[in-house]
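See structure below.
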Amino acid sequence: MAIITIFSADFCREDEVVQELVTKTSFRLKTTDEIVAEAAVLAKMEESKVRRALTLKTSVFEKFTHEKQHALAYIKLVLSKILMVSAGRDLILTGYASQMIPREITHFFRVGLIADKEYRIKVAQEKQGGSVRDAEKLIKKLDEERALWLKKYCGIEKPFDPADYDLIIPMNKETVTEAASLIIGHLDDEIFRPTASSEQAVEDFNLQAKVEVALARKGHGVQVQVINGKVILTINKNVSRLNRLKEELKTIAQQVEGVESVEVVLGKDFHQTDVYRKHDFNMPSRVLLVDDEQEFVETLSERLALRNMGSAVVHDGESALSLIEQDKPEVMVLDLKMPGVDGIEVLEKVKKTNPEIQVIILTGHGSEEDRKKCMELGAFAYLRKPVDIKALSKVIKEAHEKAQAVAK
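Counting in numbering that gives the first Met the number 0, the sequence shown tops out at residue 407, every number present.
Below you can see the structure in the form of structure tokens.
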């Protein structure tokens with residue numbers, strides 16, 4: 000029997016079709032939640048951060064932390080291990096994770112579920128309520144996000160291109176039971192049985208994932224391709240010490256069991272302005288700078304970047320609080336005197352909701368009374384402008400160390 004992968008447009012009764020298959024066959028379902036949970040354990044990351052890798056949402060700190068890239072590497076590792084263990088049998092995979100499996104692995108029965116707009120609107124209203132217009136807007140948004148994610152992370156230009164599937168089922172023309180029966184009717188097709196080349200592709204996928212993880216653990220993120228045990232690493236961002244980076248990447252990859260050879264090449268985007276950054280796990284990379292003096296805070300962010308510290312910038316307290324809800328920093332550098340929600344109010348709210356975040360006050364207008372108030376509220380340090388960049392960097396490093404200790 001073949002492995003079944005099911006990828007569905009939203010509101011096409013995917014869950015019901017999958018449940019029907021599980022009931023009528025000996026196949027077991029490996030859910031996206033299970034894959035994410037296993038990847039999170041291996042990566043020692045929060046599940047929410049790994050799950051976010053399967054969406055278009057990207058951390059404002061990503062270019063320094065490479066969290067999304069690392070999470071995707073661990074998801075691939077979990078998937079490849081599943082395929083190695085399953086040996087091509089009794090498995091159902093669904094969702095975005097299933098689309099990360101290379102097309103060279105052919106002993107898969109790839110199913111796509113689609114439907115016309117009227118059907119999807121009807122199902123959306125049935126499941127979520129709301130008006131026809133609400134359903135139309137939601138479906139359009141989800142379709143756009145799906146297309147963008149698949150193109151960016153899987154290189155898939157069309158989400159439901161018939162060339163990429165063994166069977167595409169229009170759910171507006173088939174019932175759930177009929178859809179499941181159509182799938183089951185194909186499972187003994189000879190073409191979907193494992194071949195030597197397909198099994199080699201599984202081994203290559205597993206090796207690709209292991210190399211990506213090995214690089215991620217050392218703070219690197221480059222494109223990895225494996226063909227019959229031969230590894231090709233592609234650098235797509237500009238780098239000043241190219242030969243040094245090539246040797247470092249090659250050394251890491253060569254230490255992975257199963258690698259026969261390593262080649263490092265330059266990608267088509269190498270000469271773009273985006274700079275390659277290795278993530279240094281010992282340096283602060285999730286620093287939020289909050290200051291309404293835009294020129295000052297942008298310059299500060301650039302100067303910290305030169306010291307290998309990753310930061311994001313917002314210009315008011317309300318934006319800072321909003322960002323923290325979605326993307327927590329480890330350290331904040333916070334101005335006091337800002338329009339709207341001022342620094343003291345931000346500090347108070349942050350320490351109540353996220354006490355592990357270390358807040359450094361950096362102000363040009365604060366009084367001694369302000370200093371005492373901030374320290375009482377839990378500020379890590381209170382500094383006055385102008386500040387020496389070396390002194391500020393030292394305090395940020397100390398705050399980062401405390402944040403790391405608290406997290407453990």
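Just so you know, even glycine gets a beta-carbon here, dropped at the ideal spot from N, CA and C.
Contiguous alpha helix (DSSP H) elements confined to the region 52-95 occur at 61-64, 66-85, taking only those with 4 or more residues.
The DSSP-derived three-state label of T233 is strand.
Your pair D9 and L141 checks out as a contact, with CB atoms roughly 5 Å apart and the cut at 8 Å. DSSP, read as helix, strand or coil, puts L333 in strand. When the alpha-carbon of A39 is set against those of A304, I120, A52, E247, the nearest one is in A52.
Scanning the region 261-331 from its first residue to its last, the whole beta strand (DSSP E) runs of 3-plus residues come out as 286-289, 310-313. Residue environment analysis places E13 among the buried positions, since at least 16 neighbouring C-beta atoms fall within 10 angstroms of its C-beta. By alpha-carbon distance to G377, the top candidate from A319, G342, I113 is G342. Exposed is the label assigned to T298, since fewer than 16 other Cβ atoms lie within 10 Å of its Cβ. Taken in chain order, the complete beta strand (DSSP E) segments of 3 or more residues contained in the region 93-149 are 107-113. V345 sits away from L288, with the two beta carbons spaced by 9 Å or more.
In this structure the region 68-83 lies against the region 202-214, because at least three pairs of beta carbons, one per stretch, are closer than 8 Å. If you ignore the 5 residues before and after V59, its C-beta comes within less than 6 Å of the C-beta of A311, D326, all in its own chain and listed in chain order.
Here G128 is not near L137, since their CB atoms are 9 Å or more apart. For H65 against H278, the beta-carbon gap comes to about 5 Å, under 8 Å, which counts as contact. Within the same chain, I34, A96, M99, I100 come within 7 Å of L78 by CB-CB distance, once the 5 residues on both sides are set aside.
Around V255, the same chain offers K209, V210, A213 as residues with beta carbons nearer than 6 Å, after the five sequence neighbours per side are excluded. Under the three-state reduction of DSSP output, R27 falls in the strand class.
Fewer than three beta-carbon pairs drawn from the region 358-378 and the region 249-268 are found closer than 8 Å, and the two stretches are therefore not classed as touching. Straight-line measurement puts the Cα of Q253 at about 38 Å from the Cα of V394. Judged by DSSP in its simplified three-state form, S392 adopts helix. Here the alpha carbons of R216 and F107 stand approximately 31 Å from one another. With fewer than 16 other Cβ atoms from the protein chains shown falling within 10 Å of its own Cβ, K56 counts as exposed. Within the DSSP bridge table, the entry for P169 names I113 as partners. Annotation for A215: the continuous alpha helix (DSSP H) segment containing it runs 195-216. Just measuring C-alpha positions, the residue of L244, A304, N205, L166 sitting nearest N227 is N205. Here the C-alpha atom of K389 lies approximately 28 Å from the C-alpha atom of L241. Put simply, of I5, K336, V330 the residue whose alpha carbon is nearest the alpha carbon of G363 is K336. Taking a contact to require three or more Cβ pairs closer than 8 Å, the region 229-241 and the region 105-121 do not qualify as touching. Beta-bridge partners of A380 (DSSP): I359.
If you look at V225, you'll find it in the beta strand (DSSP E) that goes 222-226.
If the five residues before and after A200 are omitted, its C-beta is found closer than 7 Å to the C-beta atoms of P101, E103, I104, all from its own chain and listed in chain order. Judged by DSSP secondary structure, T4 falls within the beta strand (DSSP E) whose first and last residues are 2-7.
Ranked by Cα distance from W148, the options F63, L166, H69, T54 are led by T54.
In terms of Cβ geometry, C11 and R145 do not form a close pair [threshold 9 Å]. Following the DSSP letters along the chain, one finds G342 inside the alpha helix (DSSP H) bounded by residues 342-352.
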